[in-house]
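Asks: Can you read through this structure? Questions will come right after.
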Amino acid sequence: MNHLTQSLRSSLRWFLVSAGLSLGMFLSVSMTVSIAPASEDRPTVSHAAHQKLTAAQELLHHSKWTEAESLLEKFVREEAHEPYAQALAWQMLGYLFHETGRHDRALEAFDRVLAGDGLDAPLRQQVLYNSAQLLVQASRPAEAVKRIEAWMEQAGSLSPEQRARVAWIYFGSERHQAAVMHLEAAIRETTTPENAWLEMLVAALHHDEQYEKLTRWLPRLITRNPEDGRYWLQLAGVYLRLDDQRQAAAVLSAAYHKGLFQTSEDIVRLARMYVQAGAPRKAAHLLEEGIENGRVAVTAEHQELLANAWLQARETRRAACALGQKARNGGDCKTHLRAGRLLMQVEDWSGAREHLELATPGRCERTRAEALLLLGMAAYHEGRMEEARDAFVLAREIPEQRRQAESWLEVLSRGQGRSAT
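Just so we're aligned, residue 82 is where the sequence shown starts under the working numbering, counting upward by one.
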């Protein structure tokens, strides 16, 4: 848990978005209308009403919304003596309002259907389900759940497909445990569950923080879609949540060696996750290779990531080299100071001075004091005593470095040479 930083959270959000798990995906399911012929268990519709409703359905089929709305509104005004036909017309209006973005009016139309007399079970069930979808979209989750549970009571034994539809409503209402229960049942009850069901289950488990279960379900998605890097990334992220950095790194390595993550964005994302997985050396090698072969652009951001990876891998000189590259590609005073500090640690006095000098101009107000002091120390170690003295004199004028600068100047005045350090 401690290792899951903002970059990992971004990767998980990226998975959910790129997987298509948006609310709109679930709300589009089964928002349909139909006119069924009369039967023994279904109320009758007169021949004239059937003709008008069929004409309206044809207009809806061709997205002729204005003509369909006019016809249906006239129908509900004039055909009040046929309650079942009225219910069908209100159902069509609900569909029309939904398709034209008038969701409040769609809900009103569906409520008119449910309030009517003489409804048959199929029509009631369909309207309950459609209105549950709209209630989710209208951010009215409690009502959506109430409708879908009423639908389940009437539906009786649910097929796997119906369970998946119920799970979509629960997911949209942020009832993730209920969504998981129905999806797991749907998947168990069929030999060929849809990929979307597995994706939905993974998303619900993630939202419900059931990470152990995710380690069982994500490999199933990977087996089905071995070339889809989203699932590999999320599985690695799950192992990080479980504080299993070794397994996370193994998952990432397996994906990379399969030829996944070849774009610049993919490689950078993978490198960030390697760092989170406690494998900074792998991250650094991956980035260096990407930069060398041109797949990763040489930018200040990428050089910063490379430097941090080398630092975590305790490769100070290589980190300094990366920061030097960043500095040469538009780095600021702070970058030059950091590169200078690192080069001082590996006793590259000349390289340190090169960067420290660029962190001392007047525009570098925040870095100038420390850079001057370090510049004097680097010159001292090289035996360049006059340059060292000049740097310490300038550093002495800055209050926060005055004491140390005076100590160094005293060392120089006593002529104690390099042994004084």
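The beta carbon of each residue, even a glycine, is placed where N, CA and C say it ideally should be. Computed from a predicted structure; not experimentally measured.
By the three-class DSSP mapping on this structure, what secondary structure does V261 have?
Replies: As a position in the sequence shown, residue 261 is number 180, starting the count at 1. Reduced to three states, the DSSP call for V261 is helix.
Asks: Please say whether A190 and G175 have beta carbons closer to each other than 8 Å?
Replies: Here residue 175 refers to the residue found at position 94 of the sequence shown. Here residue 190 refers to the residue found at position 109 of the sequence shown. Yes, Cβ-Cβ distance for G175 and A190 is below 8 Å.
Asks: Any beta carbon of chain C sitting closer than 8 Å to that of Q207?
Replies: The question asks about chain C, but that chain is absent: this structure has only one protein chain.
Asks: Any idea what DSSP makes of R186, helix, strand or coil?
Replies: Numbered from 1 along the sequence shown, position 105 holds the residue referred to as residue 186. Three-state DSSP puts R186 in a helix.
Asks: Which residue comes first and which comes last in the alpha helix (DSSP H) that contains G496?
Replies: Taking the sequence shown and counting its residues from 1, the one referred to as residue 496 is at position 415. Where G496 is concerned, there is no enclosing alpha helix (DSSP H), given that its DSSP letter is neither H nor E.
Asks: Can you give me the C-alpha to C-alpha distance between T416 and T181, rounded to a whole angstrom?
Replies: Mapped onto the sequence shown, residue 416 falls at position 335. Mapped onto the sequence shown, residue 181 falls at position 100. Whole-angstrom Cα-Cα distance: 54 Å.
Asks: DSSP on C445, reduced to helix/strand/coil?
Replies: For the purposes of this step, residue 445 is taken as the residue at position 364 of the sequence shown. It is coil, neither helix nor strand.
Asks: How would you call P480, buried or exposed, if buried means at least 16 neighbouring beta carbons within 10 angstroms?
Replies: Residue mapping note: residue 480 aligns to position 399 of the sequence shown, counting from 1. It is exposed - the Cβ of P480 has fewer than 16 other Cβ atoms within 10 Å.
Asks: So, with DSSP's three-state summary, where would you put S254?
Replies: In the sequence shown, residue 254 corresponds to position 173, counting from 1. Coil at S254, not helix or strand.
Asks: What is the residue span of the alpha helix (DSSP H) that V379 lies within?
Replies: Indexing the sequence shown from 1 puts residue 379 at position 298. That residue, V379, is in no alpha helix (DSSP H); it is neither H nor E in DSSP.
Asks: Run through DSSP, which three-state label would Q138 get?
Replies: Position 57 of the sequence shown holds residue 138. If DSSP states are grouped into helix, strand and coil, Q138 belongs with the helices.
Asks: Quick one, which of A433, R301 and E242 has its alpha-carbon nearest R422's?
Replies: For the purposes of this step, residue 422 is identified with residue 341 of the sequence shown, where counting begins at 1. Out of A433, R301 and E242, A433 has the C-alpha closest to the C-alpha of R422.
Asks: Report back the beta-carbon spacing between A260 and A277 to the nearest angstrom; my notes put them in contact at under 8 Å.
Replies: Here residue 260 corresponds to residue number 179 of the sequence shown, with the count starting at 1. Here residue 277 corresponds to residue number 196 of the sequence shown, with the count starting at 1. With 8 Å as the limit, A260 and A277 do not qualify as a contact, their Cβ atoms being about 13 Å apart.
Asks: Am I right that A390 and A365 are in contact with their C-beta atoms under 8 Å? What's the rounded C-beta distance?
Replies: Working through the sequence shown from its first residue, we reach residue 390 at position 309. Working through the sequence shown from its first residue, we reach residue 365 at position 284. The Cβ separation is near 4 Å, so the contact holds.
Asks: Using the C-alpha atoms, what's the distance from L404 back to M354?
Replies: The count along the sequence shown starts at 1 and reaches residue 354 at position 273. The count along the sequence shown starts at 1 and reaches residue 404 at position 323. M354 and L404: Cα-Cα distance of roughly 21 Å.
Asks: So, under 8 Å CB-CB, I303 and Y292 are touching, yes? Tell me the CB distance rounded to an integer number of Å.
Replies: Here residue 303 refers to the residue found at position 222 of the sequence shown. Here residue 292 refers to the residue found at position 211 of the sequence shown. About 16 Å separates the two Cβ atoms, so there is no contact after all.
Asks: Quick check on the DSSP output: the alpha helix (DSSP H) that includes H179 runs from which residue to which?
Replies: Your numbering for residue 179 matches position 98 in the sequence shown. Where H179 is concerned, the enclosing alpha helix (DSSP H) stretches over P164 to E180.
Asks: Where does D325 land, buried or exposed, given buried means 16+ other C-beta within 10 angstroms?
Replies: The residue labelled residue 325 in the question sits at position 244 within the sequence shown. It counts as buried.
Asks: Within 10 Å of its beta-carbon, does D429 have 16 or more other beta-carbons around it, so buried, or fewer, so exposed?
Replies: Reading the sequence shown from its first residue, position 348 is the one you call residue 429. Classification for D429: buried.
Asks: Ignoring anything shorter than 4 residues or poking outside the region 449-479, list the alpha helix (DSSP H) runs there in chain order.
Replies: Runs of the alpha helix (DSSP H) inside the region 449-479: 449-462 and 466-477.
Asks: Quick check: the Cα distance between R495 and S334, rounded to an integer number of angstroms?
Replies: The count along the sequence shown starts at 1 and reaches residue 495 at position 414. The count along the sequence shown starts at 1 and reaches residue 334 at position 253. So the alpha carbons of these two residues sit roughly 58 Å apart.
Asks: What three-state label does DSSP hand R434 in the structure shown?
Replies: Indexing the sequence shown from 1 puts residue 434 at position 353. Helix, per DSSP.
Asks: From A213 to R228, what does the alpha carbon distance come to, in whole angstroms?
Replies: Position 132 of the sequence shown, counted from the start, is the residue given in the question as residue 213. Position 147 of the sequence shown, counted from the start, is the residue given in the question as residue 228. Spanning the two alpha carbons is a distance of roughly 5 Å.
Asks: Which term fits S144, buried or exposed, when burial requires 16 or more other beta carbons within 10 angstroms of its beta carbon?
Replies: In the sequence shown, the residue the question calls residue 144 occupies position 63. S144 is exposed by the Cβ-count criterion.
Asks: Going by the CB atoms, is the gap between V226 and R256 shorter than 8 Å?
Replies: Looking up residue 256 in the sequence shown gives position 175. Looking up residue 226 in the sequence shown gives position 145. Cβ atoms of R256 and V226: closer than 8 Å.
Asks: Check this for me: beta carbons of L169 and L134, under 8 Å apart or not?
Replies: Taking the first residue of the sequence shown as position 1, residue 169 is located at position 88. Taking the first residue of the sequence shown as position 1, residue 134 is located at position 53. For L169 and L134, yes; Cβs fall inside 8 Å.
Asks: By Cβ distance below 6 Å, which residues in the same chain neighbour R398 in space, the five residues on each side in sequence not counted?
Replies: To locate residue 398, count along the sequence shown from 1; it is residue 317. Within the same chain, R398 has close Cβ partners V427.
Asks: Have a look at E197 and H263 and give me their C-alpha separation to the nearest angstrom.
Replies: Taking the sequence shown and counting its residues from 1, the one referred to as residue 197 is at position 116. Taking the sequence shown and counting its residues from 1, the one referred to as residue 263 is at position 182. As written in the sequence, residue 197 is Gly, which differs from the Glu given in the question. Roughly 31 Å between the two C-alpha positions.
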